[in-house]
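> What follows is a structure written as structure tokens; I'll ask about it next.
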Amino acid sequence: MSETRRVRRRPPTVLLVLAAVAVLLFVLPLVGLLSRTPWSRLGELLTSDLVLDALWLSFISSLAAAFISTILGVPLAWVLSRVEFPGRSIVRAIVTLPMVLPPVVGGAALLFALGRRGLVGESLDAVGIVLPFSLAGVILANVFVALPFLIITVEGALRSTDVRFEQAAASLGASRLTVFRRVTLPMIRPSLIAGVVLAWARALGEFGATVTFAGNLQGRTQTLPLAVFLSLESDRDAAVAISLLLVAISLIVLVALRDRWWRS
Amino acid sequence: MPTRSRVALAALLFAAACTGSGSLDAAGEVNVFAAASLADAFAEIEKAFEAQAPGVDVRLNIAGSSALREQILAGAPADVFASANRSVMDDVVAAGAANQPQDFVRNSLVIGVPEGNPAGVTSLDDFANAELLLGTCAVGVPCGDAAQRLFDRASITAQLDTTEPDVRALVTKLAAGELDAGIVYQTNTNASAEVDLAYSPDAAEATVTYPIAPLNDASNREAAIAFVNFVFSEDAQRILKRSGFVPLDGAG
Chain A
529 MSETRRVRRR
539 PPTVLLVLAA
549 VAVLLFVLPL
559 VGLLSRTPWS
569 RLGELLTSDL
579 VLDALWLSFI
589 SSLAAAFIST
599 ILGVPLAWVL
609 SRVEFPGRSI
619 VRAIVTLPMV
629 LPPVVGGAAL
639 LFALGRRGLV
649 GESLDAVGIV
659 LPFSLAGVIL
669 ANVFVALPFL
679 IITVEGALRS
689 TDVRFEQAAA
699 SLGASRLTVF
709 RRVTLPMIRP
719 SLIAGVVLAW
729 ARALGEFGAT
739 VTFAGNLQGR
749 TQTLPLAVFL
759 SLESDRDAAV
769 AISLLLVAIS
779 LIVLVALRDR
789 WWRS
Chain B
38 MPTRSRVALA
48 ALLFAAACTG
58 SGSLDAAGEV
68 NVFAAASLAD
78 AFAEIEKAFE
88 AQAPGVDVRL
98 NIAGSSALRE
108 QILAGAPADV
118 FASANRSVMD
128 DVVAAGAANQ
138 PQDFVRNSLV
148 IGVPEGNPAG
158 VTSLDDFANA
168 ELLLGTCAVG
178 VPCGDAAQRL
188 FDRASITAQL
198 DTTEPDVRAL
208 VTKLAAGELD
218 AGIVYQTNTN
228 ASAEVDLAYS
238 PDAAEATVTY
248 PIAPLNDASN
258 REAAIAFVNF
268 VFSEDAQRIL
278 KRSGFVPLDG
288 AG
């Protein structure tokens, strides 16, 4: 009785005010963007070659990055949550590094490792693989920044699931891989989808690591965020239009997914 | 009382620091927005100026000229603007943010290559070679527009692999050996031991002129004008020349 009454009581004003400030922080820049949008020229601006090229590259590279992040990130998240090994906390810290590292630094680090004169890149160059200034380079930079989001989300879910379901399946004779596929993955499905979407969203907005590692060339490496950055200096209307496009794509995907799968 | 007078003195100093009202010449902070290619020279000029005007604290904001123009037009706290070409400065003047900019120095575009020129680049024609990794600044950035004019004049369809947001990003990629060649400024090849000069095109299109102006909305106009005047002084012009810039009255 007393509990239900407490729930029905008005939420504390302090929390409401702070929450409203938080919402304002998101909404205000969005309103700023909308107020500067050249609505009458929007169609023309968004169908220019520059925008269509960038849209296509962003589409391809962000999806590829989300896919690769899933293939590599889920196994690592599983290892981190289920296998005890020395240095696990160090691996965990390294995994989250790209989240705190300025993306430009990440891009420079990629260049030092995988560029033509880089540690590994030199051998790649010898066999004819040059990652900088290529779509592969864009995807690589995207994976670098997006992967941590997937790993952290999935690992958190794995750690909070009940291991006894897995133990029960194993005791009934299922192999470890079967347990992973048939028991573990279905249990963390909502978090897995959330992780994939977060990784995709991070890759879609990626700028710093991409421009540093993969450069900027229309039709080859210029994704939407790069197109926005460069348009800001030559054609502000175009920059605002592309920004609006990015916001719209992200919002549509995030809202649609949230309603369908992401509800818990 | 000693304590009270000390407090009063502190308050006075604080007020002086806040208002920046000049006692002798100029004082306070002055925000100088300077083109990326001016970075090294202006860092030296800042020191030389502050040595002559000890009350002034110069704050340099270095970026591509066109990025700076956008910041200024969006209301960033700028007192002085030094641009790497006239058209970007003209935009700022047209928007009513500055009056009567003055040209203060020239720079020339050259072909920059990684140390030792591993790809053996010798002329602008090499920019038509799709096998090479080649870069310029982006169109809209002074060094990118000028590079495009150079290609147009020589009727070259450049096979570029990247168009960088500013000249420093381009120089970094050349220094790292990731690009075989790029169109950069003469001053870049002077400043960087890892970037060599492979060829300097002998063309009017290869020359860029730098204008400077105090901004109309400068919060510290006195210091802004003092800084602009200093850039024309013998000391500052010597620093610019040492960095590879060409003085306006000099030969070249």
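Residue numbers (my numbering), protein chains in the order written: chain A, 529 to 792; chain B, 38 to 289.
By construction, the Cβ of each residue, glycine as well, lies at the ideal position given by its N, Cα and C atoms.
(1) Show which residues of chain D have a CB atom less than 8 Å away from the CB atom of G643 (chain A).
(2) Beta-carbon within less than 7 Å of T40 (chain B)'s beta-carbon, same chain only, minus the 5 sequence neighbours each way: which residues are those?
(3) Candidates B:Y247, B:S192, B:A191, B:A85: which alpha carbon is nearest M126 (chain B)'s?
(4) Are F141 (chain B) and L285 (chain B) closer than 8 Å when you measure CB to CB?
(5) From the DSSP output, in three-state form, read off S762 (chain A) for me.
(6) Use the C-beta contact count for A235 (chain B): other C-beta atoms within 10 angstroms, 16 or more gives buried, fewer gives exposed.
(7) Following the continuous beta strand (DSSP E) through L171 (chain B), name the residue where it begins and the one where it ends.
(8) Can you tell me whether DSSP reads P626 (chain A) as helix, strand or coil?
(9) With 16 as the cutoff for other CB atoms within 10 Å, does T159 (chain B) come out buried or exposed?
(10) Go ahead and pull the three-state DSSP assignment for N744 (chain A).
(11) Hey, quick one: how far does the beta strand (DSSP E) through V67 (chain B) stretch, first residue to last?
(12) Would you say V739 (chain A) reaches chain B, if we count a Cβ-Cβ gap shorter than 8 Å as a contact?
(13) Taking 8 Å as the cut-off, decide whether the C-beta atoms of S590 (chain A) and L726 (chain A) are in contact.
(14) Distance check for D203 (chain B) and F741 (chain A), CA to CA, integer angstroms please.
(15) Mapping the DSSP letters down to three states, classify P151 (chain B) as helix, strand or coil.
(16) Taking the C-alpha atoms as reference points, what is the distance between G646 (chain A) and P660 (chain A)?
(17) Can you give me the C-alpha to C-alpha distance between L638 (chain A) and N266 (chain B), rounded to a whole angstrom?
(18) Note down, in chain order, each residue of its chain lying with its Cβ closer than 7 Å to the Cβ of N227 (chain B), except the 5 sequence neighbours on either side.
(19) Would L170 (chain B) count as contacting chain A if we go by Cβ distances under 8 Å?
(20) Give the range of the alpha helix (DSSP H) segment to which E650 (chain A) is assigned.
(21) What does the Cβ neighbour count give for K84 (chain B), buried or exposed, with the cut at 16 atoms within 10 Å?
(22) Could you give the uninterrupted runs of the alpha helix (DSSP H) lying entirely in the segment 92–127 of chain B, keeping only those of 4 residues or more?
(23) Are the Cβ atoms of V67 (chain B) and N253 (chain B) separated by less than 8 Å?
(24) Starting from the Cα of S102 (chain B), find the closest Cα among B:F70, B:A78, B:S229 and give me that residue.
(25) Apply the 10 Å Cβ neighbour rule to R644 (chain A) and answer buried if 16 or more other Cβ atoms are within range, or exposed otherwise.
(26) Which two residues bound the contiguous alpha helix (DSSP H) that contains I667 (chain A)?
(27) What's the C-alpha gap between T199 (chain B) and T173 (chain B)?
(28) Would S145 (chain B) and A243 (chain B) be called neighbours here (beta carbons separated by less than 8 Å)?
(29) How is the beta strand (DSSP E) around A250 (chain B) delimited, first residue to last?
(30) Under the DSSP definition of a beta bridge, which residues are partnered with A212 (chain B)?
(31) Roughly how many whole angstroms lie between the Cα atoms of R692 (chain A) and E734 (chain A)?
(32) If contact means a Cβ-Cβ distance below 9 Å, which residues of the segment 174–189 of chain B contact chain A?
(33) Runs of 3 residues minimum, wholly inside the segment 180–237 of chain B: which ones carry the beta strand (DSSP E) assignment?
(34) Measure the C-alpha to C-alpha separation of E81 (chain B) and E87 (chain B) and round it to an integer number of angstroms.
(35) If F79 (chain B) sits next to L105 (chain B), beta carbons under 8 Å apart, how far is it from one beta carbon to the other, in whole angstroms?
(36) Note down, in chain order, each residue of its chain lying with its Cβ closer than 6 Å to the Cβ of V756 (chain A), except the 5 sequence neighbours on either side.
On the basis of the data shown:
(1) Included in the structure are the protein chains A and B, with no chain D among them.
(2) Model confidence at T40 (chain B) stands at a pLDDT of 48, short of 50, so the residue's coordinates are unreliable and nothing is read from them.
(3) B:Y247
(4) Closer than 8 Å, so yes.
(5) Secondary structure at S762 (chain A): helix, using DSSP grouped into helix, strand and coil.
(6) buried
(7) 171–174
(8) helix
(9) exposed
(10) coil
(11) 65–72
(12) yes
(13) no
(14) 15 Å
(15) Three-state DSSP puts P151 (chain B) in a strand.
(16) 11 Å
(17) 44 Å
(18) S280, G281
(19) With 8 Å as the cut-off, L170 (chain B) counts as an interface residue toward chain A.
(20) It spans 649–654 - the alpha helix (DSSP H) in which E650 (chain A) sits, taken as one unbroken run.
(21) exposed
(22) 102–110
(23) no
(24) B:F70
(25) Burial state of R644 (chain A) is buried, judged by a 10 Å Cβ sphere holding 16 or more other Cβ atoms.
(26) Taken as a continuous stretch (DSSP letters only), the alpha helix (DSSP H) holding I667 (chain A) covers 663–688.
(27) 7 Å
(28) yes
(29) 244–251
(30) According to DSSP, A212 (chain B) bridges with nothing at all.
(31) Looking at the two C-alpha atoms, the distance is approximately 39 Å.
(32) Residues passing the 9 Å Cβ filter: A175, V176, G177, V178.
(33) You should have 199–201, 218–222, 232–236.
(34) Between E81 (chain B) and E87 (chain B), the alpha-carbon positions lie close to 10 Å from each other.
(35) Not a contact, Cβ separation roughly 12 Å.
(36) A767, I770, S771
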